[in-house]
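Chemist:
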Amino acid sequence: MDIISNEELKEQLHNQFEAFIKSRNKRQTQERYKILDKIVERGSHFDIDDLYTDLESPYHVSRATVYNTVNLLCESGILNRSHLQGNQTLYELSGTKHIHLICSGCGEVMEITDDTLSAHLGKMKFRRFKVLSVTANFYGLCSQCRKKKKTPRND
699 MDIISNEELK EQLHNQFEAF IKSRNKRQTQ ERYKILDKIV ERGSHFDIDD LYTDLESPYH
759 VSRATVYNTV NLLCESGILN RSHLQGNQTL YELSGTKHIH LICSGCGEVM EITDDTLSAH
819 LGKMKFRRFK VLSVTANFYG LCSQCRKKKK TPRND
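699 is the number of the first residue of the sequence shown in the numbering used here; add one for each residue after it.
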């Protein structure tokens, strides 16, 4: 597996996004590419409000532009959208192979890599359905929440 730098990844994704935008007759704006760059720099899952906060001070991008651009990035296949417990939605770059461990207590999302499980999930086939990407979410309690739930026994 080749490891590429963030700059190379940004260039590849800019080219993919540019082709998608042109195919949809959308405007290519600096703001859209700044949003994409910030997503690459984050390197992990995010929610739109966190992304907006990261962008707010250096770029002065409107919340609507962030939401619209993230939707375009999902449509283009650059981003994956994951709907988690409650109404939480997280986004991350497509093509990453990892599993989410989601704490039902505090909401923390941890990522682990399990090549065996990822490979198995990626090979699954379904009738009349083409899998484009795979995301596995495991729900449980993180070590901190498990500690909080432990209470002394009165035996």
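Every residue gets a Cβ at the ideal spot worked out from N, C-alpha and C, and that includes glycine. Computed from a prediction, not measured in an experiment: that's the story for all the values here.
By DSSP, does V807 sit in helix, in strand, or in coil?
Modeler: Mapped onto the sequence shown, residue 807 falls at position 109. Of the three classes helix, strand and coil, the one that applies to V807 here is strand, per DSSP.
Chemist: Going by DSSP, name the residue or residues bridged to E679.
Modeler: Residue 679 is absent from the model: the chain starts at 699 and stops at 853.
Chemist: Would you decide whether F836 is buried or exposed? Buried here means 16 or more other CB atoms lie within 10 Å of its CB.
Modeler: Here residue 836 refers to the residue found at position 138 when the sequence shown is read from its first residue. Exposed, by the Cβ-count rule.
Chemist: Taking the straight line between their C-alpha atoms, what separation do you get for D745 and H818?
Modeler: Along the sequence shown, read from residue 1 onward, the residue named residue 745 stands at position 47. Along the sequence shown, read from residue 1 onward, the residue named residue 818 stands at position 120. Approximately 28 Å, taken between the alpha carbons.
Chemist: Would you identify the three-state DSSP class for I702, choosing helix, strand or coil?
Modeler: Within the sequence shown, numbered from 1, the residue matching residue 702 stands at position 4. DSSP places I702 in coil when its eight states are reduced to three.
Chemist: Taking 8 Å as the cut-off, does the stretch 751-758 touch the stretch 723-739 (at least 3 CB pairs, one atom from each stretch)?
Modeler: Touching, yes, given that three or more Cβ pairs across the two stretches are closer than 8 Å.
Chemist: Specify the secondary structure class of H818 as computed by DSSP and reduced to three states.
Modeler: Counting from one through the sequence shown, the residue named residue 818 turns up at place 120. DSSP places H818 in helix when its eight states are reduced to three.
Chemist: Between the alpha carbons of T793 and K736, how many angstroms are there, rounded?
Modeler: Counted from its first residue, the sequence shown places residue 793 at position 95. Counted from its first residue, the sequence shown places residue 736 at position 38. The displayed chain sequence assigns Gly, not Thr, to residue 793. Approximately 17 Å, taken between the alpha carbons.
Chemist: Is L707 helix, strand or coil when you go by DSSP?
Modeler: The count along the sequence shown starts at 1 and reaches residue 707 at position 9. The answer is helix: DSSP assigns L707 an H, G or I state.
Chemist: Between which two residues does the alpha helix (DSSP H) harbouring C843 extend?
Modeler: Taking the first residue of the sequence shown as position 1, residue 843 is located at position 145. From DSSP, the alpha helix (DSSP H) with C843 extends over S841 to K847.
Chemist: Given this structure, state the Cα-to-Cα distance separating L830 from G775, to the nearest angstrom.
Modeler: Taking the first residue of the sequence shown as 1, we reach residue 830 at position 132. Taking the first residue of the sequence shown as 1, we reach residue 775 at position 77. Spanning the two alpha carbons is a distance of roughly 9 Å.
Chemist: Out of T787, C804 and L782, point me to the one whose CA is closest to R844's CA.
Modeler: As a position in the sequence shown, residue 844 is number 146, starting the count at 1. Here the closest residue by C-alpha is C804.
Chemist: My understanding is that T787 touches R779, with C-beta atoms under 8 Å, so please give their C-beta distance in whole angstroms.
Modeler: Translated into positions along the sequence shown, residue 787 becomes position 89. Translated into positions along the sequence shown, residue 779 becomes position 81. Confirmed, Cβ separation roughly 6 Å.
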